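Read the structure below first, then the notes.
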Amino acid sequence: MTKIIVVSDSHGNLKNIEKLQPLIAENDLFVHLGDGAGDIRAVSHAYPDKVYQCAGNCDFFSPLPSEGVLEVERVRIFFCHGHKFRVKSTLCELALEAKRRDCDVALYGHTHNAKITEINGVTLINPGSLRYPLGEGGSYCYLVIHGEKVTPVLVGESVR
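Start counting at 1 in the sequence shown, then tack on 8, and there's your number in the numbering used here.
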C-alpha cells in the first residue's frame, strides 16, 4: 500500500505547506501540481526521494517539467497543472491525454476546485488549492494505492 499527499496551487502559502509537514513525513510520496513550485524547496530537500512536482502557469521560468507519469504499484498516474489541457473548460482533454499515456489516474490543479471525477475509465483528481480555494480554506488529496485499487480522499475546507 502506497500513501500519497497531493497538493496544488499553494501560491506562496508556506504556512499551509508547513502544516502538512507531519503528513509528508509519515506518507510515502508527496506530489505538488504547480503554481507555487518554489514553496516546497524545504520539503524537496528533506525528502528528495518522495517528492514529485511539475510547473504551473504561474511558475514563471521554472526548470520543472510541465507534466509527468508516476508508476505506483500497478497504477500509472499522469500528473500536470492542467492549464495546457483547458481543465477550466472541460476535463475531456485531460482524460484523453491520460489514456494516451496508458494511465489510470490523472492529477491536476489550476481550477482551485477540489474534485474527483471519472471519464472513460480514468480517475481525475484535483486536490483544490492550498492558497486561493473556492471554499473557505485550503484543501489537499490523501491518495492511497493498493495494488491496482485507487482510493482518493479530499481533505480540507474547500472540499464540497
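We put the beta carbon where it would ideally sit given N, CA and C, even for glycine. Please read these numbers as outputs of a predicted model, since none were measured by experiment.
- Restricting attention to beta strand (DSSP E) runs no shorter than 3 residues, the stretch 33-120 encloses them at 37-40, 59-61, 75-80, 83-88, 113-115, ordered along the chain.
- Note that the C-beta distance between S137 and S16 is below 8 Å.
- For L22, there is no enclosing beta strand (DSSP E); the residue is part of the alpha helix (DSSP H) that begins and ends at 22-27.
- H40 sits away from I32, with the two beta carbons spaced by 8 Å or more.
- Between P135 and the set Y150, E126, I85, I127, the nearest pair of CA atoms involves Y150.
- Around R82, the same chain offers G155, E156 as residues with beta carbons nearer than 7 Å, after the five sequence neighbours per side are excluded.
- A straight-line Cα-Cα distance of about 16 Å links I85 and A63.
- CA-CA distance, Y60 to A50, rounds to 13 Å.
- With 16 or more neighbouring CB atoms inside 10 Å of its own CB, G44 falls in the buried class.
- When DSSP states are grouped into helix, strand and coil, L31 belongs to the helix group.
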